[in-house]
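Protein chains in written order, with my numbering: chain A, 1 to 433; chain B, 434 to 595.
Note that CB positions come from ideal geometry on N, CA and C, so glycine has one too.
No experiment lies behind these values; they were computed from the predicted model shown.
Working notes for the structure below.
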């Protein structure tokens, strides 16, 4: 009797709690609009929105390989399963053609779609929540101005309970701080503009900050380095492990052009970012660099001289390659001297000569992922821009050879002890492609 | 001394270990099909197959290839007895100056060995590292499709015993 009473009370409490959670998690739909109700677009607003969309890297995720920009369908592998990006062209059936400005703003800044469904935080609304009303309107005007494409995303492949979108309300309760950007009056306008873009639309921390087990950025470890698509997103500011400390000029150059002689070339997902930034208002890029430079300087090693290595560097008669330095007896060193040095020790300037490995963060960083990716796949040509390219050696060198080479470069050029777990990292990098 | 398996035959190479495979093939072994284009691994003219994979022989030192199997265009057929890939390129008249073609044929062969049913898209993506400035790209694509059709195991035919 008593037991039954306790059980009933427990069930009642559970039901109440469940109802409360449901009420909390529930978001109502926002009525659809008639797509034909749009007047002529405000051209200046659309232009501004287009630039903001580039800063937000919207097309990078909302475009499938070989697909129409913004039509979605990109498969995004996450530690929890695969999520497909959605169609954000103004198609009334499969895109956002029936979304009002209110629905767009709610999705952007609260992660809830027009129908009231919670969106997965692969969409970085934890950053976009900072976007101002004006900028959100410009983005909306831009997206409504592009050609509608009929394209539905495949269903996400997520395990229970993550496939129940209401659970995302719990995630948001824990990790989403909904707040517009507030300028710091003690800083100048350019700094505030930079911080607004870096923290908001630019969502730099989405890759450059570590994430916790639930996939949320660790607020206490902002910019201490993270991971993206099998690449290490380097730590920024005072946490940077770059051999040469970054400054505002270098950051501006790198973000605007995709490479810097003392820091190398943007690779992996960052290559998309710099491709986009090359097309936005240079004042915005410069503001981002200004803010990022204010995050503090790493100690760096400030090497201005090339590490002397081997005998002469006279070009061979064939013209393109430099002479091989003396060949070390250790296997990694032998590979470096015979395969890598003809470009990396040559006297040709970039983009035809190899980067200076003594300046490479790929070699100094705690994670070997980027160096392995570079050795395996090289640096593909980037569209029409004159950025460095490098052939990949994944089909020439075996896993053991790549491990030997990586640790040789690590000890030789970064002066640090060999990486742990390198063999596993090489196998993982190979499996990922 | 480095030992390589060249077109199925074990060969000892006297060149110093840092010598690119391309120089060994052309200068020491007299196999002149692979071409010197840029010397930087950026044009594809020097491509050969190593253990089934297409690699740039101009940036690959022989020392890292000890004991591995290298196939050059000579391994696909000779002037008097061209192989299917070569016949397809001849049939489609896919060469203009022809300098890039040996490399293209080698990468195409590596692709077809791996995937006899490679789609047009896959062929285009695969050949991206190869530059041709004559502009016979469409004929090159046709030649590779033809080679694929002619070398593909024909399920229906083999069932009926031809």
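- Under the 8 angstroms criterion on CB atoms, residue 334 of chain A is classed as interfacial with respect to chain B.
- 469, 471, 472, 473, 474, 475, 483, 484, 485, 486, 487, 488 and 489: these are the residues of the segment 465–489 of chain B whose beta carbon lies less than 9 angstroms from some beta carbon of chain A, given in chain order.
- For residue 420 of chain A, the closest alpha carbon among the candidates A:394, A:381, A:372 and A:368 is that of A:368.
- At a cut-off of 8 angstroms between C-beta atoms, residue 548 of chain B does not count as an interface residue with respect to chain A.
- For residue 376 of chain A, the nearest beta carbon of chain B is not closer than 8 angstroms to its own beta carbon.
- When C-alpha distances from residue 288 of chain A are compared across A:277, A:298 and A:297, the shortest belongs to A:277.
- Among the residues of chain A, those whose CB is under 7 angstroms from the CB of residue 494 of chain B are 338 and 339, following chain order.
- Chain-order list of chain B residues neighbouring residue 396 of chain A: 483, 488, 493 and 497, by C-beta distance under 7 angstroms.
- Counting other Cβ atoms within 10 Å of its Cβ, residue 390 of chain A reaches 16 or more and is therefore classed as buried.
- Neighbours of residue 535 of chain B in chain A, taken as residues whose beta carbon is under 8 angstroms from its own, are absent, since the nearest beta carbon is some 17 angstroms off.
- Taking the Cα of residue 551 of chain B as reference, the smallest distance to any Cα among B:528, B:485, B:480 and B:579 is reached at B:579.
- In its own chain, leaving out the 5 sequence neighbours on each side, no residue places its CB closer than 6 angstroms to the CB of residue 15 of chain A.
- Within the same chain, and ignoring the five residues on either side of residue 343 of chain A in sequence, the residues whose Cβ sits closer than 7 angstroms to its Cβ are 353 and 354.
- Rounded to whole angstroms, the gap between the alpha carbons of residue 58 of chain A and residue 558 of chain B is 25 angstroms.
- Of the residues A:2, A:137 and A:356, the one whose Cα lies closest to the Cα of residue 45 of chain A is A:137.
- Neighbours of residue 460 of chain B in chain A, taken as residues whose beta carbon is under 8 angstroms from its own, are absent, since the nearest beta carbon is some 11 angstroms off.
- Secondary structure of residue 453 of chain B (DSSP, three-state): strand.
- Put simply, the segment 537–548 of chain B does not touch the segment 492–499 of chain B. Fewer than three CB pairs are less than 8 angstroms apart.
- Proximity to residue 418 of chain A across A:337, A:381, A:386 and A:371 peaks at A:371, based on C-alpha coordinates.
- Of all residues in the segment 441–453 of chain B, only 450 and 451 come within less than 7 angstroms of chain A when Cβ atoms are compared, listed by chain position.
- Listed along chain B, the residues sitting closer than 9 angstroms to residue 401 of chain A by beta-carbon distance are 497.
- Taking the CA atoms as reference points, residue 265 of chain A sits about 11 angstroms from residue 381 of chain A.
- Under the DSSP assignment, residue 423 of chain A falls outside any beta strand (DSSP E), being part of the alpha helix (DSSP H) whose first and last residues are 422–431.
- Distance from the CA atom of residue 434 of chain B to the CA atom of residue 338 of chain A, rounded to whole angstroms, is 15 angstroms.
- Residue 569 of chain B places its beta carbon less than 8 angstroms from that of residue 528 of chain B.
- Pairing residue 140 of chain A with residue 49 of chain A, the inter-Cα distance amounts to about 7 angstroms.
- Among the CB atoms of chain B, one or more fall inside 8 angstroms of the CB of residue 327 of chain A.
- Against chain B, the CB of residue 389 of chain A has a partner CB under 8 angstroms away; the residue lies at that interface.
- Listed as beta-bridge partners of residue 437 of chain B by DSSP are B:444.
- Each residue's CA atom was taken as its position, placing residue 360 of chain A and residue 124 of chain A some 29 angstroms apart.
- For residue 343 of chain A, the chain B residues whose Cβ falls inside 9 angstroms of its Cβ are 473, 474 and 492, in order along the chain.
- With 16 or more neighbouring CB atoms inside 10 Å of its own CB, residue 87 of chain A falls in the buried class.
- Checking the DSSP bridge columns, you'll see residue 483 of chain B partnered with B:486 and B:503.
- Between residue 114 of chain A and residue 32 of chain A, the CB-CB gap stays under 8 angstroms.
- Residue 517 of chain B and residue 492 of chain B do not touch by the CB rule: their CB atoms are close to 29 angstroms apart, not below 8 angstroms.
- Pairing residue 55 of chain A with residue 158 of chain A gives a Cβ-Cβ distance that is not under 8 angstroms.
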